[in-house]
Amino acid sequence: MTETRIETPAAPRPSRPRRVWESDFIWSFRHSPVAVVSFVVVLLMMLGALFAPLIAPHDPFNPATLNLMNGFTPPGEANQFTGEFFVLGTDDQGRDVFSTILFGMRISLFVGLSAVFLAMLIGVTVGLMAGYLGGWTETLIMRLADVQLTFPAILVAMLIFGIAKGITPPEHRDAMAIWVLILAIGLSDWVQFARVVRGATLVEKNKEYVQAARLIGRTPFSIMLRHILPNVLNPVLVIATISLALAIIAEATLSFLGVGAPPTKPSLGTLIRIGQEFMFSGEWWILFFPAATLLALALSINLLGDWLRDALNPRLR
Amino acid sequence: MINTPVLSVRDLVVEIPTRHGVLRPVDHVSYDIAAGEILGVVGESGAGKSMTGNAVIGLLDPPARITSGEVLLSGQPVHSLRGEALRRLRGKRMGMIFQDPLTSLNPLLTVGDQLAETIIEHLDVSQSEARRRAVAALDEVGIPAASQRMGSYPHEFSGGMRQRVVIALALCAEPDLVIADEPTTALDVSVQAQIIVLLKRLCRERGVAVMLVTHDMGVIAEAADRVAVMYAGRLAELGPVREVLGRARHPYTAGLMASTPLASQGRARLRQIPGAMPRLGNLPPGCAFSPRCDRAQAQCHEEPGPTLKRCDGRAACWFPLNTDATEEAEA
Amino acid sequence: MLAYIIRRVAQSVLVLLVVGLVAFAMFRFVGDPVDAMLGQERTQADIARLTAELGLDQPFPVQYWRFLEQAVQGNFGLSYRQGRPVSEILVERLPATLELAFVSGLMALAGGIALGIFTAIWRRGISANIIMTVSLIGVSLPTFLIGILLIYLFSVELGWLPSFGRGEVTRIGWWTTGFLTESGLKALILPAITLGLYQMTLIMRLVRTEMLEVLRMEYIRFARARGIREKSINFRHALKNTLVPVITITGLQLGSIIAFAIITETVFQWPGVGLLFINAIQFVDIPVMAAYLMLISVMFVGINLIVDMLYFAIDPRLRVDRTAGGH
Chain A
610 MTETRIETPA
620 APRPSRPRRV
630 WESDFIWSFR
640 HSPVAVVSFV
650 VVLLMMLGAL
660 FAPLIAPHDP
670 FNPATLNLMN
680 GFTPPGEANQ
690 FTGEFFVLGT
700 DDQGRDVFST
710 ILFGMRISLF
720 VGLSAVFLAM
730 LIGVTVGLMA
740 GYLGGWTETL
750 IMRLADVQLT
760 FPAILVAMLI
770 FGIAKGITPP
780 EHRDAMAIWV
790 LILAIGLSDW
800 VQFARVVRGA
810 TLVEKNKEYV
820 QAARLIGRTP
830 FSIMLRHILP
840 NVLNPVLVIA
850 TISLALAIIA
860 EATLSFLGVG
870 APPTKPSLGT
880 LIRIGQEFMF
890 SGEWWILFFP
900 AATLLALALS
910 INLLGDWLRD
920 ALNPRLR
Chain B
13 MINTPVLSVR
23 DLVVEIPTRH
33 GVLRPVDHVS
43 YDIAAGEILG
53 VVGESGAGKS
63 MTGNAVIGLL
73 DPPARITSGE
83 VLLSGQPVHS
93 LRGEALRRLR
103 GKRMGMIFQD
113 PLTSLNPLLT
123 VGDQLAETII
133 EHLDVSQSEA
143 RRRAVAALDE
153 VGIPAASQRM
163 GSYPHEFSGG
173 MRQRVVIALA
183 LCAEPDLVIA
193 DEPTTALDVS
203 VQAQIIVLLK
213 RLCRERGVAV
223 MLVTHDMGVI
233 AEAADRVAVM
243 YAGRLAELGP
253 VREVLGRARH
263 PYTAGLMAST
273 PLASQGRARL
283 RQIPGAMPRL
293 GNLPPGCAFS
303 PRCDRAQAQC
313 HEEPGPTLKR
323 CDGRAACWFP
333 LNTDATEEAE
343 A
Chain C
19 MLAYIIRRVA
29 QSVLVLLVVG
39 LVAFAMFRFV
49 GDPVDAMLGQ
59 ERTQADIARL
69 TAELGLDQPF
79 PVQYWRFLEQ
89 AVQGNFGLSY
99 RQGRPVSEIL
109 VERLPATLEL
119 AFVSGLMALA
129 GGIALGIFTA
139 IWRRGISANI
149 IMTVSLIGVS
159 LPTFLIGILL
169 IYLFSVELGW
179 LPSFGRGEVT
189 RIGWWTTGFL
199 TESGLKALIL
209 PAITLGLYQM
219 TLIMRLVRTE
229 MLEVLRMEYI
239 RFARARGIRE
249 KSINFRHALK
259 NTLVPVITIT
269 GLQLGSIIAF
279 AIITETVFQW
289 PGVGLLFINA
299 IQFVDIPVMA
309 AYLMLISVMF
319 VGINLIVDML
329 YFAIDPRLRV
339 DRTAGGH
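Chains as they are written, first to last, in our numbering: chain A, 610 to 926; chain B, 13 to 343; chain C, 19 to 345.
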């Protein structure tokens, strides 16, 4: 349909916040209860993780405040020896499960966000280069991407973790584990970004405004940054959201398998690994609450990503 | 029965509910097509021509739907049919030709399979008889060595040949009505004329009624018997092709003609209609064409545009051109 | 066609060479192999002897070539941890993983395609929407949580199925199978579901997306306009077109089942190569890691190759001579 409008008498132009509120993007958000609820859940969890030291009723990693007598306190009941009360119960060491979850979430989210950021940084840079420069740069990058894509990301992450572990001296392994995790997950996930960015760059590159920018003598770097990058932001945002859910799951999986966050710095995955031991003896809460938290976190981010993909993809509207 | 038109559209309204209100891509459209007749439906993109065709054959994409009016096929109402009853009619009683032959053929099935499947679906014949008829259908639309091409896949044909296959598919179960939705738009100019000639010949030979949807006035002049001009979902003008093209009564038709390069019209400078067709969600209060019309008067801007019925049945305009009255006045 | 196959095989070999390089680099540079193999009591002579034996005094390309030569013959050296030949350990563990992957893959493929078609055709129906919602939970649910959930339900609460191990196995030559005993079959159920569920969800969502895409195509509208019945439109016109892209990605998914088996095997203490790999990472047992990497690469590349050939068989557009350019 033709876009030109018939002249209408000038209606008062709505204020800027009003226009943002009425925009298609926000409109679709306001009218998707799923998106709103998942957004609130993710936001609450991020805040909880960020302010964990302030919110947590106990410091689960300070041995001085731990009382073994508090071990295995069921949720919502007072401990039979000490009379202390824990919302979600305690584990075998007497650590408050609610507090360990808050701190675990902190590590899970930190690793997840950092890994996605790393993957995005590598993927977008490399994708822009491949798309814009072409030639052997492109061939090399995309071949490498193909080879890596032959293998599932989790396997690549395990391998990188294993190699990094082999290189790190044993006494530093626990301290380095978090950074190694970020590196492993980030390096295992850049291909998606690179492929999308390269594809979009190939399309944008031949558009007239980019040709024009080149003619007036802009450097490739500035063209990529100012003209091409803004056009690939939408798909990158969608992939980043979905990747975040995948990264959090990957981190949890690695930690659960015992090749991730160490018990001294437990993430949600480590907590589930610990909790699994008590599944057979009836202390279900040590396993259940971290698992439910992980699920809620991953599910909310996935739902948000799903909605985002639909909202930003005009073809589906 | 002899006087019952093959297709009769009566006050057809198609609506699409959106969050900005209800849009009406087809607004009280009425026309008939007789057996062996070609009705050309013209208008800009978005004028509602294709939507009318889709409504007739029952292929509107939800949420678009027919909200009032009738579609009669040989006097029998079909607009209210659903599911199985509608499916039996499609292909058998009414066929459709799509715009792009590249995308309208299934790439993974041979043309023979697609033809035979359609024939078996509608005619009570054996597999071998169906294949025999499929070869005949390909032959009829001018595919050389038809029996050898049965096993070919669509990508093995050229664009023009593919559109011939599409026509064979639309006609193979011998429908009474064919809706051709921009059948030449996606083709090379050199092939367009061949396809139009073919369509015209088949229509005459078999007495098929054709609804030829196009934005190309040249195609209309070449093929149609009568023309329906659509603007913003409404019929602007309806009449025999010579009358409408030669002595347009609606200012929009006149503008459309003046902006079309027809070889027969000499070297007069092309004029354009100022502005663009309004979007459906943003129609002016009066006649939809009034903001672009140089003849518009106060009545045009204020009162809702007239329907064909309220005027002389030719042009939906308060102040039509080329009528006896206006000619007298201008003389 | 022949040129295409040759090119694909060449690509596969290239991938294997790259992976081989990674595996070799791991073996050579992560930790000191001589150090790891000799243990505490060693003499300078031992070190020199082993260095020469492993060829570590040779130039890098020579070492890489020797490594490849050995790898092709299935010789990956001794496990640092167990002191046995890695190939021997792998062969012992492989049947468990393959049987598990086979059953899960079959389940994921059959279930995924069927549910994908179902949810695409009846996309506005209630049951389709329920399935889609559940599947989203399924995608968000990490494999190990599914395993734990199943163990809790069927082993701890109901006590119907075993929570770990492979049950009783029958030996057929070098192969061990759990298919022939009741306890073996019972032990297979929970791990197979755990491993297959996630893949099934992915395949289902993929089939659904592709099918919806295809159902929007003009040729489907044209088929409708010709009065072809829905059954034929869905299963003849749409399904075939859906399967073309699905086969590629599904093939890769099936390959990744073998990798994801690592997680399932750990949860269920299933004695396969995946569990072996995880233990190898924990104890930095480099030869086992390298050998596992090579083994799984060969499988992946093989699957990819088969998938490509299948793709070729289904899509007539590719059968025309189009050897130049990629697809």
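Using N, Cα and C, we set each Cβ at its ideal position, and we do this for glycine too.
These numbers were taken from a predicted model, which means no experiment stands behind them.
So if DSSP puts residue i in a beta bridge, which residue, or which two residues, is it bridged to?
{"i": "B:R102", "result": "B:M106"}
{"i": "B:V67", "result": "The question names Val, yet the displayed sequence has Ala at residue 67 of chain B. None; B:A67 has no bridge partner."}
{"i": "B:M242", "result": "B:L247"}
{"i": "C:R350", "result": "No answer is possible for residue 350 of chain C: the residues shown for chain C start at 19 and end at 345."}
{"i": "A:D705", "result": "A:T699"}
{"i": "B:I52", "result": "The amino acid at residue 52 of chain B is misidentified as Ile; the sequence shows Gly. Per DSSP, B:L224 and B:V239."}
{"i": "B:I191", "result": "B:M108 and B:M223"}
{"i": "B:P252", "result": "B:R238"}
{"i": "B:G33", "result": "B:T30"}
Beta-carbon of residue i versus every beta-carbon of chain B: anything under 9 Å?
{"i": "C:R141", "result": "no"}
{"i": "C:V262", "result": "yes"}
Counting only Cβ pairs nearer than 7 Å, list the residues of chain C close to residue i.
{"i": "B:H134", "result": "G245"}
{"i": "A:I776", "result": "V48"}
{"i": "B:H167", "result": "R335"}
{"i": "A:Q801", "result": "Within chain C, no residue comes near A:Q801; the closest Cβ sits about 14 Å away, beyond 7 Å."}
Compare the C-beta of residue i against all C-beta atoms of chain C and say whether one is closer than 9 Å.
{"i": "A:N911", "result": "yes"}
{"i": "B:I207", "result": "no"}
{"i": "B:G107", "result": "yes"}
{"i": "B:A275", "result": "Residue placement at B:A275 cannot be trusted, given a pLDDT of 49 that sits under 50; what the coordinates show is reported in the next sentence. For B:A275, the answer is no, since every Cβ of chain C falls outside 9 Å of its Cβ."}
{"i": "A:I862", "result": "Looking at the sequence shown, residue 862 of chain A is not Ile but Thr. At least one chain C Cβ lies under 9 Å of A:T862."}
{"i": "B:R218", "result": "no"}
In chain A, which residues lie with their C-beta within 7 Å of the C-beta of residue i?
{"i": "C:S274", "result": "P761"}
Below 9 Å on C-beta distance, what does residue i contact in chain C?
{"i": "B:I28", "result": "By Cβ distance, chain C contributes nothing, its closest Cβ being about 17 Å from B:I28, past 9 Å."}
{"i": "B:L199", "result": "Going along chain C, no residue has its Cβ under 9 Å from B:L199, so there is no contact; the nearest lies around 15 Å."}
{"i": "B:F110", "result": "E236, Y237, R239, F240 and A243"}
{"i": "B:R99", "result": "R242, G245, I246, R247 and E248"}
Assign residue i to one of two classes, buried (16 or more other C-beta atoms within 10 Å of its C-beta) or exposed (fewer than that).
{"i": "C:A309", "result": "buried"}
{"i": "A:F660", "result": "exposed"}
{"i": "A:A901", "result": "exposed"}
{"i": "C:A28", "result": "exposed"}
{"i": "A:P899", "result": "buried"}
{"i": "B:T30", "result": "exposed"}
{"i": "A:K816", "result": "exposed"}
{"i": "A:I832", "result": "buried"}
{"i": "C:G123", "result": "buried"}
Which chain B residues are close to residue i, counting only those with a beta carbon under 8 Å from its beta carbon?
{"i": "C:N259", "result": "N118, P119 and L120"}
Is the shortest distance between the beta-carbon of residue i and the beta-carbons of chain A less than 9 Å?
{"i": "C:Y82", "result": "no"}
{"i": "C:M229", "result": "no"}
{"i": "C:Y22", "result": "no"}
{"i": "C:I281", "result": "yes"}
{"i": "C:T212", "result": "no"}
Name the chain A residues that come within less than 9 Å of residue i, Cβ to Cβ?
{"i": "C:S122", "result": "Near C:S122 there are no residues of chain A at all, since even the closest Cβ is about 14 Å away, more than 9 Å."}
So which residues on chain A does residue i lean against when the C-beta distance must stay under 8 Å?
{"i": "C:A277", "result": "F760, P761, I763 and L764"}
{"i": "C:V36", "result": "V756"}
Below 8 Å on C-beta distance, what does residue i contact in chain C?
{"i": "B:G103", "result": "A243, R244, G245 and I246"}
{"i": "A:F770", "result": "I299"}
List the residues of chain B that residue i touches, going by C-beta distances under 9 Å, in chain order.
{"i": "C:S250", "result": "E129 and E133"}
To be precise: take each residue of the segment 315-332 of chain C, compare its Cβ to all Cβ atoms of chain E, and keep it if any distance is under 9 Å. Which residues remain?
Among the chains of the structure shown, chain E does not appear; the protein chains present are A, B and C.
Please list the residues of the segment 295-309 of chain C that have a C-beta atom closer than 7 Å to any C-beta atom in chain A, keeping them in chain order.
Per Cβ criterion, the list reads I296, I299, Q300, V302, I304 and M307.
Can you list, in chain order, the residues of the segment 133-165 of chain C whose Cβ is nearer than 9 Å to any Cβ on chain A?
Taking 9 Å as the Cβ-Cβ cut-off against chain A, the residues of the segment 133-165 of chain C that qualify are L154, I155, V157, S158, L159, P160, T161, F162 and L163.
What are the residues in the segment 105-130 of chain C lying within 7 Å of chain A by C-beta distance?
So nothing in the stretch comes that close.
What residues in the segment 167-191 of chain C have a beta carbon less than 9 Å from any beta carbon of chain A?
Listed in chain order, the positions of the segment 167-191 of chain C with a beta carbon within less than 9 Å of a beta carbon of chain A are L167, I169, Y170, S173, V174 and S181.
Compile a chain-ordered list of the residues in the segment 44-78 of chain B whose CB is closer than 7 Å to at least one CB of chain C.
Answer set for the segment 44-78 of chain B: I69 and L71.
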